[in-house]
Amino acid sequence: MVDIDILEEARKVFAIEIESLLKVKDELDENFTVLVKEILACQGRVILTGMGKSGHIAKKIAATMSSLGTPAYFLH
Numbered sequence: 000m001v002d003i004d005i006l007e008e009a010r011k012v013f014a015i016e017i018e019s020l021l022k023v024k025d026e027l028d029e030n031f032t033v034l035v036k037e038i039l040a041c042q043g044r045v046i047l048t049g050m051g052k053s054g055h056i057a058k059k060i061a062a063t064m065s066s067l068g069t070p071a072y073f074l075h
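Residue numbers (numbering that gives the first Met the number 0): 0 to 75.
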């Protein structure tokens, strides 16, 4: 087993994740507001789709939305 500084590696991972979140934060614009309003106004069900990793993420989002009261389905 390779001897690594676990805390240092964890800090590197957090730094990368924080940097990514800050980039997303800076890229939010009016389109995000439009999307959220459309989802909230939806009278039917929200359909999410994806393949591979994006499919796994879409499944999770659909499950979370359903748990929060917005009917959502994943379509493969």
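Backbone N, C-alpha and C define an ideal beta-carbon position, used for all residues, glycine too.
As a quick exercise: from the options, pick the residue whose alpha carbon is nearest that of residue i.
{"i": "ILE46", "options": "LYS24, MET64, ILE15, VAL33", "result": "MET64"}
Does DSSP classify residue i as helix, strand or coil?
{"i": "LEU47", "result": "strand"}
{"i": "ASP25", "result": "helix"}
{"i": "LEU6", "result": "helix"}
{"i": "LEU20", "result": "helix"}
{"i": "THR32", "result": "helix"}
{"i": "LEU39", "result": "helix"}
{"i": "THR69", "result": "coil"}
Do you know offhand how far residue i's Cα is from residue j's?
{"i": "GLY68", "j": "ILE38", "result": "12 Å"}
{"i": "ALA40", "j": "ALA71", "result": "13 Å"}
{"i": "LEU34", "j": "LYS24", "result": "16 Å"}
{"i": "LYS11", "j": "PHE31", "result": "29 Å"}
{"i": "LEU21", "j": "ASP28", "result": "14 Å"}
Going by DSSP, what residues sit across from residue i in a beta bridge?
{"i": "LEU74", "result": "THR48"}
Contact check, residue i vs residue j under 8 Å by CB: the rounded distance?
{"i": "GLY49", "j": "ALA57", "result": "4 Å"}
{"i": "HIS75", "j": "GLY43", "result": "Contact doesn't hold; Cβ gap of about 19 Å is too wide."}
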